[in-house]
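Chemist: Got a structure here, written out as structure tokens. Questions coming.
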Amino acid sequence: MEGKSRTPKLVNLSHSGLPGRSGGRRRRDHVALRAGFFIVVIVLTAGCRTSLRQWVQNGFKVGPNYSPPPAKVSDGWIDASHPALNVQPAPIGQTSQKEDLNRVAWWNLFNDPTLTELIRRASTTNLPLQIAAERVIEARAQLGVARGTLWPQQQEMIGSYGRHKFSGEAFPWGRFPLKREFDNWSIGFQAAWELDFWGRYRRMIEAAEANLEAQEASYDEMLVILQAEVATNYIQLRTFDERLALARQNLELQQKTLEIVRARFEAGLVSGLDLHQAEAIVAQTESMIPLLELGRRRAENRLCTLLGMPPQDLDPLLGTGKIPQPPAEVVVGLPADLLRQRPDVRRAERLVAAQSARVGVAESDLYPHFAIAGTLNWQAEKFSHMFMGDALAGHVGPTFSWKILNYGRVWNNIWAEDSRLRQAILAYQETVLRAAEETEAMIAAYLREKERVQAVEKAVEATERAVQLATALYQQGVIDYQRLIDSQRALLQQQDGLAESKGNVALHLVGLYKALGGGWQIRYLPPEAFQPETVFAQTEPKTQDLSFTEGTTNPSPEPAVLVASLSPADPGTTAANTEPPVTPVSIDTDVPIPLLKAEDSD
């Protein structure tokens, strides 16, 4: 009424911020809070895998904390005492920068500028390598997605409009008492935030980080394979060049001998048998040349594919050259270095770390999930009334869910993840053994082939002197033509074998560096190339100076870069290392996981 004064009502605000809450209500809240705490304690101590103490020590995360799996590695190489091997090199940084660069950019040891340029180009234009780089970008984006799960997992803006009409006859107490037709406008927000109480989402981040490092190691592995394949095909090409040159030189020598035999035949000094034998050996040598040219063409075409260019564009880059010569001493280090050096070993170890984190993700389904959910929206019959005070509506409050009736399914999923973890550990251990096997095989092949070269060189020298002497004696008529043919044929075989053996020495050295996992430290792509929305195909790839430590650069114009941003962590480091140290949970791979019986499944 007009005469009445409007005095605002006082509202009693309790400690919780909600009006009119009594002390009894607060006591009930404290009881509920203590009950929730005891539920957590009971859940962690009754029949679950991770104890309360381990949960706290793990940084409030269920599941095992990762620790690097053991691997059997020998103390030294079988041929470690050979003078051509250096098994204890000085650490990088304690020698000159050129020596440090040659340790990682092993192709520089051949002193072949063409080979260095081909590897540089392939490292920036090879298409499979670009695919591997895209996988790194994909894994980095997936890591970003995983990190986003720490924030409200569901958050979206909602809105609607509807024209509603209610039946006037369906109301149980007669006709519908309210307005039967009306509009409804609505707009607002809704969100849900599951609290990472058991470390589910943090374990997912650990798995994503390990997967990113595994993809980086896969890129490094692809880079090592690419560098070795470019060097292999280049060495094969140079070997075919030398074999072709030797075949043509022997053909020229044999053609001169044929002219001598023909002249002696026309003079009646020899029979037609000598003439036909001379013609046969010339034709035999001529038949070798097309096969060698075909082998050279195949190596050249393969190089074009590796470099991502048409075949006709490679000839200007190749020029002429000899078979690359290896250095007198090869740095191989110790077998234990393979664990840090070989990308495939590091990738296998990172896959173990990722799978270890997934075990914790699966185990989190054993426990209740707590979340905070709410909506905030405006509703009105007319759009013009949408943002008036009375149009505001919403709710917010805690929720929880627990797959308590699906424990059979949950446990089977956990056991499946356990099995995958053991599989990853066994794959890692097998990768380490295979790496040692490949390295031992390449060391033996390289050293034995070097010894063979020395023997073949002596044979070539002796055969060359024998051919010169046999030619002079045949012209004098002292020996028959058969002995001259035998000496010339032996010379061709020995020279061709020497060229092939020299090529094999270089090829085995390339295989040895590949087995050691060398070369991935040199990346010609800048770090920015491994970020999203980056174009890799560059006609003129950018290069950077070599940098071994932050703040120091290599003033030499070597077109190489040591990218620290993508260098994988040591096998013992994980994403969890940035958090306070926790006690790792050991994984006993010898204890079998029991299978779920059929009657236990839900």
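Here the sequence shown stands for residues 693 to 1294, where the numbers follow the numbering used here.
Glycine included, each C-beta is placed from N, C-alpha and C at the ideal position.
DSSP on K1074, reduced to helix/strand/coil?
Modeler: coil
Chemist: Thinking C-beta only, is I1171 closer than 7 angstroms to Q969?
Modeler: I1171 is positioned such that its CB atom lies no closer than 7 angstroms to that of Q969.
Chemist: Indicate whether the contact test is met: 3 or more Cβ pairs, each with one atom in the region 1041-1057 and one in the region 881-899, closer than 8 angstroms.
Modeler: Touching, yes.
Chemist: With DSSP as the reference, please indicate the residues paired to F874 in a beta bridge.
Modeler: H856, per the DSSP bridge assignment.
Chemist: According to DSSP, which residues form a beta bridge with H1200?
Modeler: Partner(s): none; H1200 has no beta bridge.
Chemist: Taking the alpha carbon of Q1017 as the point to measure from, which residue in S743, P805, E1055 has its own alpha carbon closest?
Modeler: P805
Chemist: Going by DSSP, name the residue or residues bridged to E848.
Modeler: Q882
Chemist: Can the beta-carbon of G1000 be found less than 7 angstroms from the beta-carbon of L819?
Modeler: Their beta carbons are under 7 angstroms apart, which means G1000 touches L819 by this criterion.
Chemist: Assuming G1210 and V796 make a contact with CB atoms under 8 angstroms, what is their CB distance in whole Å?
Modeler: 6 angstroms
Chemist: Quick one: using the 10 Å Cβ neighbour count with 16 as the cut-off for buried, is W747 buried or exposed?
Modeler: buried
Chemist: Determine the direct distance from the alpha carbon of A991 to that of L1199, and round the result to whole angstroms.
Modeler: Separation of L1199 and A991 (C-alpha to C-alpha, rounded to the nearest whole angstrom) is 13 angstroms.
Chemist: So, do the region 1118-1134 and the region 753-769 have three or more beta carbon pairs nearer to each other than 8 angstroms?
Modeler: yes
Chemist: What's the C-alpha gap between A831 and A906?
Modeler: Taking the straight line joining both Cα atoms gives about 9 angstroms.
Chemist: Tell me whether F802 sits in a helix, a strand or coil according to DSSP, three-state version.
Modeler: helix
Chemist: Check each candidate in E873, L887, D875, E908 and name the one with the smallest Cα separation from I823.
Modeler: E908
Chemist: Nearest by alpha-carbon distance to R935: which of A1151, A1116, A1191, S815 is it?
Modeler: A1191
Chemist: Under the three-state reduction of DSSP, which class applies to P820: helix, strand or coil?
Modeler: Three-state DSSP puts P820 in a helix.
Chemist: Since I believe A884 is in contact with A1063 (beta carbons under 8 angstroms), could you give me their beta-carbon distance rounded to a whole number of angstroms?
Modeler: 6 angstroms
Chemist: Going by DSSP, what residues sit across from L1068 in a beta bridge?
Modeler: F881, G1086
Chemist: For a test of the three-state rule: what should DSSP assign to F673, helix, strand or coil?
Modeler: Any property of residue 673 remains undetermined from this structure, which presents the chain solely from 693 to 1294.
Chemist: Pull up the distance between the alpha-carbon of I770 and that of N1196, whole angstroms please.
Modeler: 21 angstroms
Chemist: Whole angstroms are fine: how far does the CA of V837 sit from the CA of R892?
Modeler: 14 angstroms
Chemist: Less than 7 angstroms separating the beta-carbons of S1056 and W843?
Modeler: no
Chemist: Would you say the region 1088-1104 touches the region 913-928, given that touching needs at least three Cβ pairs under 8 angstroms?
Modeler: no
Chemist: Quick one: what does DSSP say V922 is sitting in, helix, strand or coil?
Modeler: In the three-state reduction of the DSSP assignment, V922 falls in the helix class, which pools H, G and I.
Chemist: Who pairs with T1155 in a beta bridge, going by DSSP?
Modeler: Answer is none; T1155 lacks a bridge partner.
Chemist: Just verifying my parser: in three-state terms, what is the DSSP assignment at V754?
Modeler: coil
Chemist: Under a Cβ-count criterion, where at least 16 other Cβ atoms within 10 Å of its own Cβ denotes burial, should A1045 be classed as buried or exposed?
Modeler: buried
Chemist: What is the residue span of the alpha helix (DSSP H) that A1045 lies within?
Modeler: 1035-1055
Chemist: Hey, out of D1036, L1183, K753, G1025, whose CA is closest to E1153's CA?
Modeler: Minimum Cα distance to E1153 is reached at L1183.
Chemist: Quick check on K1234: buried or exposed, where buried means 16 or more other Cβ atoms within 10 Å of its Cβ?
Modeler: At K1234, the pLDDT of 37 sits below 50, so the modelled position is not reliable; the number obtained from the coordinates is stated separately. Classification of K1234: exposed, given that the 10 Å Cβ count is below 16.
Chemist: Given a cut-off of 7 angstroms, decide if T977 and N1313 are closer than it, judged by their beta-carbon atoms.
Modeler: What is shown of the chain runs 693 to 1294, which leaves residue 1313 out entirely.
Chemist: How about R651 and I1015: are their beta carbons less than 7 angstroms apart?
Modeler: It is not possible to answer for residue 651, since the shown part of the chain is limited to 693 through 1294.
Chemist: Please confirm whether D1007 and E913 have their CB atoms less than 7 angstroms apart.
Modeler: no
Chemist: Measure the Cβ-Cβ separation of Q947 and V974 and say whether it is below 7 angstroms.
Modeler: Closer than 7 angstroms, so yes.
Chemist: For D1082, does the count of other Cβ atoms within 10 angstroms reach 16, so buried, or fall short, so exposed?
Modeler: exposed
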